[in-house]
Amino acid sequence: MVEKFWPQDVLKVESVYQHRSQVCDLFYFYRESIRMKQFISLKNSLEFGNVYKRGKSYANKYLVMYIVDNNLEVNRLGISVSKKVGNSVVRHRTTRLIREAYRLHQDELIKGKDIVVVARVNSKGRNYWDMESAFLHLAKLHHIIKSSSEDNAQN
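What follows is the structure in structure tokens.
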């Protein structure tokens, strides 16, 4: 198992690993993992349960979105696709479409939210544009899309 190290742990890493090449390999792995996954996700059932229990939900034809404040400076995303949607290939494709819609629009969303997106059975076989449209529709219903005046104030 490869461990991930934060940049401030350089001295600790160099004391643990004697060879410079091992340190470079670890930081290359760390840098690549950050580049590939640019957001934090909800991991366990307690985090999902907290959003389900305390969050507000809206739904449309393809997705259900639950949102609750998380008192952090970043959003955390959780995606749930049940077996009713299809086999593992279909479920993973649906998950990737939702994740990509979030990734492309995460800068437009208000920070400090836990977001859980649940795919409905109707989402099976839909293309990216349908999923993106459904995601943005729910984000607008939740009022988590920044207005242009808020963008100008931050810049």
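Reminder that position 4 of the sequence shown reads as 9 in this note's numbering, one-by-one numbering, no gaps. Every residue gets a Cβ at the ideal spot worked out from N, C-alpha and C, and that includes glycine.
Any non-hydrogen atom of the ligand MN closer than 7 angstroms to T100 Cβ: Questions concerning the ligand MN fall outside what the structure shown contains, since it holds no ligand whatsoever.
Residues of its chain near G60, where Cβ-Cβ distance is below 8 angstroms and the 5 sequence neighbours each way are ignored: Counting from 1 along the sequence shown, the entry for residue 60 is found at position 55. Answer for G60: Y71, I72, V73, D119 and V121, listed in chain order.
Candidates L68, S50, I45 and K58, of which the one nearest R125 by Cα: Taking the sequence shown and counting its residues from 1, the one referred to as residue 125 is at position 120. It is L68.
Every unbroken beta strand (DSSP E) within the segment 59-112, with a cutoff of 3 residues, ordered by chain: 61-64, 68-74 and 81-86
Contact under 8 angstroms by Cβ, R101 with V86: For this step, residue 101 is matched to residue 96 along the sequence shown. For this step, residue 86 is matched to residue 81 along the sequence shown. No, these two residues do not count as a Cβ contact at 8 angstroms.
Residue range of the unbroken alpha helix (DSSP H) whose run includes K129: As a first step, residue 129 is located in the sequence shown; it is residue number 124 there, counting from the start. Careful: K129 lies outside any alpha helix (DSSP H) and carries neither H nor E.
CA nearest to the CA of E113, picked from E52, N92 and N80: In the sequence shown, the residue the question calls residue 113 occupies position 108. For the residues E52, N92 and N80, the minimum Cα distance to E113 belongs to N80.
In DSSP terms, what S46 is bridged to: Taking the first residue of the sequence shown as 1, we reach residue 46 at position 41. For S46, which the question treats as bridged, DSSP gives the partners L82.
Paired residues, beta bridge with K118 - DSSP: Here residue 118 is taken as the residue at index 113 of the sequence shown, counted from 1. In DSSP, K118 forms a bridge with D74.
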